[in-house]
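The sequence shown runs 1 to 136 under my numbering. Using N, Cα and C, we set each Cβ at its ideal position, and we do this for glycine too. Note that the structure is predicted; figures quoted are calculated from it, not measured.
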Amino acid sequence: MGKVSGLAIVCGCFLMVLGLAFLPAAFGTHPDESILGLGICVFSLGALTVAGGLYMKAHALKSGTTSANAPKAQPKRVRGGCDLCGSETPVIHCRVHDIHVCGNCLGNHYDFRSCAYVPSTRRTAGSKAARFAAKA
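The structure is reproduced here in structure tokens:
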């Protein structure tokens with residue numbers, strides 16, 4: 001796409017110069033309004049072609065940079081965490097789908113017609129260790 005966009009920019013610049021070349025003929029000793037209109041149309045077509053070429057270059061540059069970036073690493077799953085994202089402590093248990101959902105994922109899962117929610121009893125691994133720890 002890089003060569004096509006460069007060619008579009010060059011062709012557009014040529015059309016703009018060609019449109020400017022019609023101006024002396026339009027303002028010469030025998031002025032003609034139709035030549036002036038043709039010159040303006042050719043110049044504007046050239047400007048539009050240059051703008052399209054610049055757009056294609058920007059689009060190619062944008063798509064080239066996103067593919068080079070490495071995908072973001074998923075957050076580490078918390079044992080006993082949310083069943084959807086796995087990184088937060090669940091606050092709600094959907095009884096219909098039997099999944100524990102955190103507050104962030106609740107908006108994506110919420111369906112008032114079919115889901116029945118109860119507070120989640122699942123705790124993270126850190127809270128279980130604290131519960132079984134010896135008391136002094």
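Burial state of residue i (16 or more Cβ within 10 Å)
i: P90; result: buried
i: A68; result: Unreliable placement is indicated for A68, whose pLDDT of 48 sits below 50; no coordinate value is reported for it.
i: S63; result: exposed
i: V42; result: buried
i: G107; result: exposed
i: G103; result: exposed
i: G28; result: exposed
i: Y55; result: exposed
Per DSSP, cross-strand counterpart(s) of residue i
i: C94; result: I99, Y117
Sub-8 Å separation of residue i and residue j beta-carbons
i: C115; j: H97; result: yes
i: A21; j: T49; result: no
i: G19; j: G37; result: no
i: G12; j: G39; result: no
i: A60; j: M16; result: no
i: I35; j: A25; result: yes
For residue j and residue i, believed in contact at Cβ under 8 Å, the rounded distance
i: K57; j: S120; result: That belief does not hold up - the Cβ atoms of K57 and S120 are roughly 51 Å apart, past 8 Å.
i: H109; j: C94; result: 7 Å
Length at least 4, wholly inside the stretch 4 to 70: the alpha helix (DSSP H) runs in chain order: 33 to 68
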